[in-house]
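Student: Below is one structure. I have some questions about it.
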Amino acid sequence: MSEKQEGITVKKSQDFSEWYTQVIIKSGFVDYTAVSGCLAFRPDGYFAWEATMRATDELFRKDGILNVYFPLFIPEKFLQKEQEHVKGFTPEVAWVTHTGESKLDERLAVRPTSETIMYDSYSKWIRSWRDLPMRLNQWNNVVRWEFKHPVPLLRSREFLWNEGHTAFATKKEADAEQDFVLGTYEAVLKDNLAIAGIVGRKTDSEKFAGADASYSIEHILPSGKTVQGPDFHSDGQRFAKAFGITFLDKEGKKDFVYQNTFAISTRELGVMVALHGDDKGLVIPPMVARIQVVIVPIYKEDTMKEVMAATKEIQKRLSKKFRVHVDDRDAYSPGWKFNEWEMRGVPVRIELGAREIKEKKVVAARRDTGEKAPLAIGELEDGIETLLDDIQTNLYNNAKKFLYDNIRPAKTYAELKKILDQHGGMVEAGWCGSAECENRVKDETGAKITNMPLDTQKKTKGAKCTYCGKEAKHIANFGRSY
RNA sequence: GGGGAUGUACGCUAACCUGGUAGACUACUAGCUUUGGGAGCUAGUCGUCCGAGUUCAAAUCUCGGCAUCCCCA
3 MSEKQEGITV KKSQDFSEWY TQVIIKSGFV DYTAVSGCLA FRPDGYFAWE ATMRATDELF
63 RKDGILNVYF PLFIPEKFLQ KEQEHVKGFT PEVAWVTHTG ESKLDERLAV RPTSETIMYD
123 SYSKWIRSWR DLPMRLNQWN NVVRWEFKHP VPLLRSREFL WNEGHTAFAT KKEADAEQDF
183 VLGTYEAVLK DNLAIAGIVG RKTDSEKFAG ADASYSIEHI LPSGKTVQGP DFHSDGQRFA
243 KAFGITFLDK EGKKDFVYQN TFAISTRELG VMVALHGDDK GLVIPPMVAR IQVVIVPIYK
303 EDTMKEVMAA TKEIQKRLSK KFRVHVDDRD AYSPGWKFNE WEMRGVPVRI ELGAREIKEK
363 KVVAARRDTG EKAPLAIGEL EDGIETLLDD IQTNLYNNAK KFLYDNIRPA KTYAELKKIL
423 DQHGGMVEAG WCGSAECENR VKDETGAKIT NMPLDTQKKT KGAKCTYCGK EAKHIANFGR
483 SY
């Protein structure tokens, strides 16, 4: 606790960008470093990522996905092997060209994603149908040096993520993985970061470089902009053909594997901050909070001994079930501490003074609503547990409500434009499926198709493309994205 | 991809136009005093984004770079 900061000086509703930057930095979640676009994750921020990572990893592991690790560097010739892939990533690759004073014969890419280096190994590891499915995953960092204007977490040049890379004998088996992965990501987001998103299919022009089809979970931020969350790609046999990943099937016939890739990244932490934070600062969902409960002892000189003894006692009890911190700094007033812990987003604060000791109750303040309520010291564990559960649920419900409140249907193109300008968010509209209409809308409004939600596709009957008026093949969500 | 604005201490800001001892608040350190919603006093520490140019002299003027923010595509 070496530094203290003033509070947040702008309102979330008035200047979202400024608010976001202030909250994320002043709360001590992450910080800028000397390298533009590359962040330092501070203990609270990294804890939230670790919690998200652990939850995801656990679900992957239970389903049979195994963790591996591949090099940070990728030989240039590997990137060249799949043409769509190289086209998509080349503009943003950072290169290693020298070691010491000598120039490398072949420069090495700092991985923007690991398909190419992993699949080179897959081609050696996979020989028979007995080797399949091969479902591997790695937790690592990647670098995409494209951005003109980085935004902490939401658009960082280096970010942390998982990259799952699986290989199957048949398309059917490969496709069957999609529901599991997207369902896992949805659950992880809900149960940990308390955020929601729209699951859908990307259009051909927005799909992953090298994939046959891409699926994503899309978020809406309070600024009205959309942001892509976790994704899943059906790669078909494209990479298998480029990297020679073949196997002999039961009949002794040689075939290429069918592959999927999928990822969730530290960008989700940015979405969490953006959605839950308020004018007082950060609000961290209990599941990912490094400190879930902060105890602020309140004493005068004559009550100090008694209050500190009670504080230690309660700390000892609560630490068995929760992540607890006691703020015993003598130099600061209780009011100062309240403000600081609120800015840092700690879910529950316990106020404990002579008055509480006498009444055998503490004051518990919840960060999400700001409500203060007495809790009986005798039943403190239950009371805190209920409170933390409530906060987690409440944050998720609010995030979900915000999401759906900001998706509005449009029947006509004029309506679509009007909604984008007035509200931002997503506009649900019919689309004929042509790249031409998609691009026209993008050029004219700046909004692209975030995805085509899986659960609205049945509404296409009778719907028209909002741009050309022809019969709609899809219901698409349009939004201006980060 | 195009345009605009801004860079002074951890943060916020003054001096810049009109070149001449970088100052306030906050934070930080020490001591005293205080402690139920950002407490006070005293003393101290820390700064002109980087590089080049003009000049006796540059935070200030010029050029370049870098960074941050905003708008448009």
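Okay, so the first sequence: first residue is 3 according to the numbering used here, each after it adds one. Note that the Cβ used here is the ideal one computed from N, Cα and C, for glycine as well. Model, not experiment: these values are computed from the prediction.
#1: Go ahead and pull the three-state DSSP assignment for Arg157.
#2: Ordered along the chain, which non-local residues of its own chain (more than five positions away) have a Cβ less than 8 Å from that of Met428?
#3: Tell me whether Arg146 is buried or exposed, calling it buried when 16 or more other Cβ atoms sit within 10 Å of its Cβ.
#4: Taking the alpha-carbon positions, what's the Pro349 to Asp193 distance?
#5: Any idea if Gln16 is buried or exposed, counting beta-carbon neighbours within 10 angstroms, 16 or more meaning buried?
#6: Assuming Lys323 contacts Glu383 under a Cβ cut-off of 8 Å, what Cβ separation, rounded to an integer in Å, is found between them?
#7: Does Trp141 come out as helix, strand or coil in the three-state DSSP assignment?
#8: Please work out which residues of its chain come closer than 7 Å, Cβ to Cβ, to Leu162, disregarding the five sequence neighbours upstream and downstream, and give them in chain order.
#9: Pick helix, strand or coil for Gly2, following the three-state DSSP scheme.
#10: So what does Gly199 bridge to, in DSSP terms?
#11: If you draw a straight line from the C-alpha of Arg132 to the C-alpha of Tyr124, how long is it?
#12: My output table needs one value for Lys463: the three-state DSSP class, helix, strand or coil.
#13: Could you pull out every residue in the same chain whose Cβ sits closer than 6 Å to the Cβ of Pro232, ignoring the five residues on either side in sequence?
#14: Any heavy atom of the ligand ADP closer than 8 Å to the Cβ of Pro349?
#15: Between which two residues does the alpha helix (DSSP H) containing Gly47 stretch?
#16: By the three-class DSSP mapping on this structure, what secondary structure does Asn341 have?
#17: For the candidate residues Glu387, Asp206, Ser19 and Ile297, whose alpha-carbon lies nearest to that of Thr289?
#18: By the three-class DSSP mapping on this structure, what secondary structure does Gly471 have?
#19: Three or more C-beta pairs closer than 8 Å, one from the stretch 168-177 and one from the stretch 274-294: is that the case here?
#20: Identify whether Gly185 lies in helix, strand or coil by the three-state DSSP scheme.
#21: Put Ala111 into one of helix, strand or coil per three-state DSSP.
#22: List the whole-angstrom C-beta distance separating Glu353 from Ala367, where the pair is believed to meet the contact cut-off of C-beta under 8 Å.
#23: What is the residue span of the beta strand (DSSP E) that Leu284 lies within?
#24: Looking only at its own chain, which residues have a Cβ that is under 6 Å from the Cβ of Leu456, when we skip the five neighbours before and after it?
#25: Per DSSP, which one or two residues make a beta bridge with Trp163?
#26: DSSP on Pro224, reduced to helix/strand/coil?
#27: If we count Cβ pairs, one from each stretch, closer than 8 Å, do we get three or more for the stretch 233-242 versus the stretch 102-116?
#28: May I ask you to report which of helix, strand or coil DSSP gives Pro232?
#29: Less than 9 Å between the beta carbons of Leu397 and Val275, yes or no?
#30: Compare the C-alpha of Met306 against each of Asp330, Arg325 and Val295 and name the closest.
#31: Based on the DSSP secondary-structure assignment, which residues constitute the bridge partners of Tyr34?
#32: Is the CB-CB distance between Ala416 and Glu430 below 9 Å?
#33: If you drop the 5 nearest sequence neighbours on each side, which residues of the same chain put their C-beta closer than 8 Å to that of Leu1?
#34: Leaving out the 5 sequence neighbours to the left and right, which residues in its chain are closer than 7 Å to Gly435 when beta-carbon positions are compared?
#35: So what does DSSP say about Ile297, is it helix, strand or coil?
#36: Residues in the same chain with beta-carbon distance under 8 Å from Arg129, minus the five sequence neighbours each way, listed in chain order, please.
Tutor: On the basis of the supplied data:
#1: strand
#2: Ile200, Glu220, Ile222, Thr228, Asn408, Ile409, Arg410, Thr452, Asn479, Phe480 and Gly481
#3: buried
#4: 15 Å
#5: exposed
#6: 6 Å
#7: strand
#8: Trp51, Asn143, Ser267 and Thr268
#9: Residue 2 lies beyond the residue range present for the chain, which begins at 3 and ends at 484; the question has no answer from this structure.
#10: None; Gly199 has no bridge partner.
#11: 14 Å
#12: coil
#13: Tyr187, Ile219 and Ile266
#14: The ligand ADP is not part of this structure, which contains no ligands at all.
#15: Pro45 to Lys64
#16: helix
#17: Before going on, a small fix: residue 289 reads as Met here, not Thr. Residue Glu387 is the option with its Cα nearest to Met289.
#18: coil
#19: no
#20: helix
#21: strand
#22: 7 Å
#23: Looking at the DSSP string, Leu284 is not in any beta strand (DSSP E), and its letter there is neither H nor E.
#24: Val201 and Gly202
#25: Asn142 and Ser267
#26: coil
#27: no
#28: strand
#29: no
#30: Asp330
#31: Leu41
#32: no
#33: For the chain, the structure presents residues 3 to 484; residue 1 sits outside this window and is missing.
#34: Lys475 and His476
#35: strand
#36: Phe249 and Leu250
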